[in-house]
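A.B. asks:
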Amino acid sequence: MKVKVVTRILEANERIAADNRRIFDDSGVYVINLMSAPGAGKTSLLERTIKELNKKLKVAVIEGDIAGTQDAERIGNLGVPVIQINTGGACHLDANMINEVLGELPLKEIELLFIENVGNLVCPAEFNVGEDMKMMLLSITEGDDKPLKYPLMFQESSALILNKIDLLQYTNVSIDKIKKDAMSLSPSIKIFEISCKTGEGISEWTDWLVKKVK
146 MKVKVVTRIL EANERIAADN RRIFDDSGVY VINLMSAPGA GKTSLLERTI KELNKKLKVA
206 VIEGDIAGTQ DAERIGNLGV PVIQINTGGA CHLDANMINE VLGELPLKEI ELLFIENVGN
266 LVCPAEFNVG EDMKMMLLSI TEGDDKPLKY PLMFQESSAL ILNKIDLLQY TNVSIDKIKK
326 DAMSLSPSIK IFEISCKTGE GISEWTDWLV KKVK
């Protein structure tokens, strides 16, 4: 019975995700589902990215958190449309949550929509929300064992951003191991090394992003 229930939930999610996809396509919006563990730097990445994309792309953000509005407030301070979704305990965003807030966004005026998922290395990868691309953010301070411990996140991601490389000298992390393991799970994955603190690697990431969206 449990298997049947789970199957019905995933099937229903896929139907709503397909509806979301049609809405995004009709509006000409490219959508990225941004996933990571808590504290990896998703909101900091978005802040850096939005500033770098100023006058290049029209950006909006959907913020997903279990509770609170701090991240949405940070993004709102940059002058872009932002919607906060609080899941109330759920460990991920699903297609229905996204569908319910789409009417609050000026989709016809947006070129790129980031969906910042709830901080979690498991559940977000399992639920399609209608995105064009899933993207994984990994802080190097989390260690180099994460691709093999949480394979689905890396298998589902088209891009991987390694954040906080300014701290590499203070760790025993091997970036080469992370890259090797990630590519063993997803051979075509695009990998960027960045520091949201120093700005290193941000331009390379945003240049690639503009080409994807345009």
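The letter at position 22 of the sequence shown is residue 167 when you use the numbering used here, and the numbering goes up by one with no holes.
Using N, Cα and C, we set each Cβ at its ideal position, and we do this for glycine too.
Whole-angstrom Cβ separation of Met-278 and Ser-181, contact assumed at under 8 Å?
C.D. replies: Met-278 to Ser-181, Cβ: 15 Å. No contact.
A.B. asks: Report the rounded CA-to-CA distance for Glu-276 versus Ile-228, giving the unit in angstroms.
C.D. replies: C-alpha separation (whole angstroms): 16 Å.
A.B. asks: Distance, Cα to Cα, Leu-257 vs Ile-168?
C.D. replies: When rounded, the distance between both Cα atoms is 13 Å.
A.B. asks: When the Cβ atoms of the segment 312-319 are set against those of the segment 201-216, are three or more pairs found closer than 8 Å?
C.D. replies: As far as the Cβ criterion goes, the segment 312-319 does not touch the segment 201-216, which means the pair count is below three.
A.B. asks: What are the start and end residues of the alpha helix (DSSP H) that includes Val-274?
C.D. replies: No alpha helix (DSSP H) contains Val-274, which DSSP labels as neither H nor E.
A.B. asks: Kindly confirm or deny that the segment 191-206 and the segment 219-235 touch, where touching means at least three C-beta pairs closer than 8 Å.
C.D. replies: In short, these stretches touch, since the Cβ pair count reaches three.
A.B. asks: In this structure, how does DSSP classify Ala-304 when only helix, strand and coil are distinguished?
C.D. replies: The answer is strand: DSSP assigns Ala-304 an E or B state.
A.B. asks: Buried or exposed for Asn-199, please, with buried defined as at least 16 other CB atoms from any protein chain shown within 10 angstroms of its CB.
C.D. replies: Exposed is the call here.
A.B. asks: For Val-267, collect the residues of the same chain with a Cβ closer than 7 Å to its Cβ; drop the 5 residues on either side in sequence, then sort them by chain order.
C.D. replies: Correct list, in chain order: Tyr-295.
A.B. asks: According to DSSP, Val-204 sits in a beta bridge with which residue or residues?
C.D. replies: Leu-257, per the DSSP bridge assignment.
A.B. asks: Tell me which residues share the same chain as Val-176 and place their Cβ nearer than 7 Å to its Cβ, disregarding the 5 neighbours each side in the sequence.
C.D. replies: Counting only Cβ-Cβ distances below 7 Å, and skipping sequence neighbours, we find Phe-169, Leu-258, Ile-260, Gly-275, Glu-276, Asp-277.
A.B. asks: Could you check if Thr-152 is buried or exposed, using at least 16 other CB atoms within 10 Å of its CB as the buried criterion?
C.D. replies: Looking at its Cβ environment, which holds fewer than 16 other Cβ atoms inside 10 Å, Thr-152 is exposed.
A.B. asks: Given Phe-272, which residues of its chain have a CB within under 6 Å of its CB, disregarding the five upstream and five downstream residues?
C.D. replies: Closer than 6 Å at Cβ, skipping near neighbours: Asn-158, His-237, Asp-239.
A.B. asks: Does the beta-carbon of Asp-216 have 16 or more other beta-carbons within 10 angstroms, so that it is buried, or is it exposed?
C.D. replies: Under this definition Asp-216 is a buried residue.
A.B. asks: Does the distance from the CB of Ile-310 to the CB of Ser-348 come in under 8 Å?
C.D. replies: Result no, Cβ atoms of Ile-310 and Ser-348 do not sit closer than 8 Å.
A.B. asks: Between the alpha carbons of Ile-320 and Glu-192, how many angstroms are there, rounded?
C.D. replies: Approximately 24 Å, taken between the alpha carbons.
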